[in-house]
Every structure is written in structure tokens, then in C-alpha cells.
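> First the structure, which I've put down as C-alpha cells, then a few questions once you've had a look.
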Ligand SMILES: Cc1cc2nc3c(=O)[nH]c(=O)nc-3n(C[C@H](O)[C@H](O)[C@H](O)COP(=O)(O)O)c2cc1C
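Numbering (the numbering used here), first residue to last: 75 to 562.
Structure representation (C-alpha cells):
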């Protein structure tokens, strides 16, 4: 496809996503006025099942939040059943499609220069009681490596600090690496930040691939077509033509200001808080009737869906090749994102530990605890996981702790070294692997000890015997007796 054929027809954006959610009965419209500074966070924090569309916000704004509210809605966005979501995304990560330049796009309908816009008039919400202020949580930040010109796209929290200024948390990864290169040259790093798009763009931005990989190519792979881009007005960067809103500006070298606290993904406030860089904006472009995107963090909120999905899928790809092709079924993240669960059937004794070591040492810094279970354990059902830990683990053999490892700098349970905004920032902690698998099928005698009980005639249905039997109880039966959804 070239620029001339990159039209808006059939392209996915936040509007097609809203329509899709609504058609699936997954969207709740809120037509009463909501104050983003004092009310919106509470409404999103309690809504774990449905997406929310805020129709009456200050300055006539509308906004989408909690979309995807959970992995079920993420599966809807990818068009696959929930239990196949992670393997599907893992497969899609293998396809990269280069973006194309579109002549123009809806995000260019209205343009404002410095002095003509005020970030405080956007419906940016305050997520939690101790937050340092309103934070744009849905901004996807585009930067470039000044040496190679390679693009990077990633999430960064942006605390609103004035009409044209925000803070930014640059976790030591790719965009931080780019920033350090500019800072060494005493130059500001140009940034373009797009807000409001289809969730496949958000999942791509949250994917940590190799340094230099372009997340717009990953988004293209997810979409099955090139991402259409448009040139920015004031910086040498490109942004998606179909975004709702774009902010252009720069991160000056060496400047640090107090930033945070912020309601973060682990459900705590203070990690990352400190003297962090700032962003100065000089241009805002948007659709004429732009819809804002609010994003609530906290354990098991929308932010965690974007953390968990690409992390599980990226690590699943890595595990596929450990030891020449293990029998790997699925990968999932625990709440708080520092725990990972690998669902597999061992081919050999000890194979699970090999996979767990790889899971603890990947592109992602988050995993601290890695657990392996068999295919009969539903890894998205925490009661099943705890049952496997309690009944399939011999602690002296199956739990291994690796001391003195580099851990995620936002894990409050570990000692912090350095400080946010500095080159040394990290947590010096440890990692743990727990092998809760059972012996491999090749050792049938040992495996037999773990055959799960099943009643006689499991196909019988309670409602055929007692009409008043409650629906949830009846629905629970197949999962209770047949374990993992994968096996049904
Ligand atoms: C909801 C959400 C919020 C995030 N917030 C930040 C942030 O404030 N600062 C940061 O450096 N990374 C943040 N991240 C992580 C990165 O955006 C993400 O890991 C991305 O893959 C990093 O890209 P990179 O590896 O190309 O730098 C966030 C991720 C998600 C899903």
C-alpha cells in the first residue's frame, strides 16, 4: 500500500473499537456529568467488567476508559477466544508490517500552536487519593534513536504540570536510552505523543522487543495491515493518522522536577516518584470531535491488561525454543505483574525449571516469581493455581531462589538502588521459581499419583435433577471437573 491508497476506509481506530464494544454489550455509557479530578477514578476503579464511555465531561469532552477492562475484552479486540489470546498474540509477534505514510488523516483536523492550547482543559483524571496530580496515562510516546533514526513507541505516565508542560517517567529501557543519547549531546529529545486509538496499538506500544524494533511494525503485524502515519508539525517524527489527539514537544536535557506519586500497576503509589524529566509541548493536533482516552492503573485494571498481554506473549515466544521445543500450552501473569505462570507438559524430569529460568530472564524486567503448572490447571483461575502450589510442590526440591538479581525498579518489596531519573535506578533483589508440574507422561507410573478425581458419569447435569439448582453452580461443573479450558 502506498500513501495514495492509505485512506480511512476499513481502518481500525478508537471509534471502531467503541462500536465493537457496544455491539458486544461490553460498553456502559455514562450520560451524567463526571468530574475527572474527583470522580472519574472511582468509577473506573470499580468497573472491572465493562468499558466506560463518559459522555459529559468538562469543556464538552467525551472519553473512553477501562477498554479493554480485562483479558476477555482484549480477546474481543484480537478476535480470538480468551483462552487462545496469549498464544495468538505470541504468533502475531512473528509478523512485522512496515507502516506507510498517509498524506493526511483525521488527527490533523484541528491544529493548535503553543499558547493556543491548555493541557489542563483536557479531561485528564486524578487516579488515586495520593497522586501528585492529574496524569495522562494513555499517551503513547514516539521517540527516535539520534544515532540510527530508529523509532520507539512506548507508554509513559505524563503528570500535567501546566498549560504546556508535563512530567514524564522514563523507566530505564528504550526511550530512556534514546533520551540519554540526546542528553549526552546536551540536546532536547523530540517527542510526539498520541492519545486514543485501537487497543492493538496500545498492546504494540507495551511490547518490549529488541532495542531498535519499531512498535508501529508490531502494530501492523497485529492489525494485518500497515499502520498509516502522518508527519508531525513541529518535530521530525510520525504519528498514526487515525489517533484522536497528538501532542508534540521535547524533553530537555538534564532538567528534573518532582513527579508522582501515581497510582501504579502493582496497586501502590510511590514507586518511580522523585526528580524525573519533563516534557515541554509546542503543538496539539486532534480530530474536530476528538474523544479522549483515560486509562486507570492499579492491579487488574486496564493498564495491567496492556502490561500482561504483550509480556505473556513475548515470553511465550522465548520459551517455545527452550531445549528444542517444549510442550508449552499457555503463559499468564499474576496480579501485580511480577509473577508469571507457564502452563506446560514436561517431556523430561526437570524441564519445567529450564523454562522457568528463561521466563525470569527475558526482554521484560518484571517477572520475579515464575510458576510452572500442567495443562489440567486453569492458569487464569487463581484458586486452581493455589491448589497446584499446595498439592504439587515439594518445597525443598521445587522452589529455587536466585539471589542478587537485577529486578524491576518499581517492585516496592525489594531494596532500591539509585533514584528515578538517574542512570543507576534499579532494585537489587532476587527471583524465585516454583515447579508445580507433575512428572512427564513418559513416566506414567509417577504421573498416575496426580490423576485428578472425577465423579462417575460427569456428563450428568444438576438441573436435570433439581430445576431450582442455581445457574452459577451448574456452570461451575465443567471447569471443576475437567480443569483447564484448554482441555475441553
Ligand atoms: C499502562 C502502562 C503504563 C506504563 N507506564 C510507563 C511509564 O510511566 N514509564 C515507563 O518508562 N514505562 C511505562 N510503561 C512500560 C512501557 O511502556 C512498556 O514496557 C514498553 O514496552 C516499553 O517500551 P520500550 O521497551 O520500547 O522502551 C507502561 C506500560 C503500560 C502498559
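Yeah, the Cβ is synthetic: ideal placement off N, Cα and C, and Gly gets one too.
How many Å lie between residue 553 and residue 540 at the Cα?
For residue 553, the predicted structure reports a pLDDT of 45, less than 50, and the residue's modelled location is therefore unreliable. A value from the coordinates is still provided. For residue 553 and residue 540, the distance between alpha carbons rounds to 20 Å.
> Shorter than 7 Å, the distance from the beta carbon of residue 497 to the closest heavy atom of ligand 1, or not?
The answer is no for residue 497.
> Start and end of the beta strand (DSSP E) containing residue 481?
Start and end: 473-481.
> For the candidate residues 188, 515 and 330, whose alpha-carbon lies nearest to that of residue 493?
If we check each option's Cα against that of residue 493, 330 comes out closest.
> What does DSSP give as the partner residue(s) for residue 323 in the beta ladder?
In the DSSP output, where bridge partners are listed per residue, residue 323 has 265 and 355.
> Closest to residue 403 by C-alpha separation, out of 178, 463, 382 and 415, would be which residue?
When each option's Cα is compared against that of residue 403, the closest is 415.
> Are residue 324 and residue 265 close, meaning C-beta to C-beta below 8 Å?
Yes.
> Do residue 370 and residue 140 have their beta-carbon atoms positioned less than 8 Å apart in this structure?
It is a contact, given that the beta carbons lie within the stated cut-off.
> Once the 5 residues before and after residue 159 are set aside, which same chain residues still bring their CB inside 8 Å of it?
Closer than 8 Å at the Cβ level, and outside the excluded window around residue 159, lie 145, 148, 149, 152 and 383.
> If you measure between the beta carbons of residue 495 and residue 362, is that distance less than 8 Å?
Taking 8 Å as the Cβ cut-off, residue 495 and residue 362 do not qualify as a contacting pair.
> With 16 other CB atoms within 10 Å as the buried threshold, where does residue 130 fall?
Exposed, because fewer than 16 other Cβ atoms sit within 10 Å of the Cβ of residue 130.
> Put residue 156 into one of helix, strand or coil per three-state DSSP.
In this structure, residue 156 counts as helix in the three-state DSSP scheme.
> Measure how close the beta-carbons of residue 86 and residue 297 come, nearest whole angstrom, since I'm counting them as under 8 Å.
Indeed they touch by this definition, with Cβ atoms about 6 Å apart.
> Among residues of its own chain, excluding the 5 on either side of residue 336, which ones have a beta-carbon nearer than 6 Å to its beta-carbon?
If we look at residue 336 and ignore the five residues flanking it on each side, its Cβ neighbours are 205, 209 and 231.
> Suppose you measure from the CA of residue 557 to the CA of residue 386; what does that come to, to the nearest Å?
Legend: pLDDT at residue 557 = 43, less than 50; position of this residue unreliable, no value from coordinates given.
> By a C-beta neighbour count over all protein chains shown, 10 Å radius and 16 as the cutoff for buried, is residue 90 buried or exposed?
Classification of residue 90: exposed, given that the 10 Å Cβ count is below 16.
> Does the distance from the C-beta atom of residue 138 to that of residue 365 stay below 8 Å?
A contact, by the Cβ cut-off of 8 Å.
> Should residue 280 be counted as a contact of ligand 1 given a C-beta to heavy atom distance under 7 Å?
Residue 280 Cβ: within cutoff of ligand 1.
> Mind checking whether residue 340 and residue 484 have CB atoms under 8 Å apart?
Yes, they are a contact pair.
> Unbroken alpha helix (DSSP H) runs of length 4 or more, entirely within the segment 118-172: which are they?
Counting whole runs of 4 or more residues, the segment 118-172 contains the alpha helix (DSSP H) stretches 145-152 and 159-166.
> With a threshold of 7 Å on Cβ separation, who are the neighbours of residue 189 within its own chain once the five nearest residues in sequence on each side are excluded?
Nothing meets the Cβ criterion.
> Is residue 230 near ligand 1 - that is, is its Cβ less than 7 Å away from at least one heavy atom of it?
Yes, the Cβ of residue 230 comes within 7 Å of a heavy atom of ligand 1.
> Give every residue of the same chain whose Cβ lies closer than 6 Å to the Cβ of residue 342, excluding the five residues on either side of it in the sequence, and list them in chain order.
Correct list, in chain order: 486.
> Does the separation of the CB atoms of residue 481 and residue 427 fall below 8 Å?
No, the Cβ-Cβ distance between residue 481 and residue 427 is not below 8 Å.
> Within a Cβ cutoff of 7 Å, which residues of the same chain sit near residue 162, ignoring the five residues on either side of it in sequence?
Closer than 7 Å at the Cβ level, and outside the excluded window around residue 162, lie 152 and 154.
> What are the boundary residues of the beta strand (DSSP E) that includes residue 186?
Looking at the DSSP string, the run of the beta strand (DSSP E) that includes residue 186 is 184-187.
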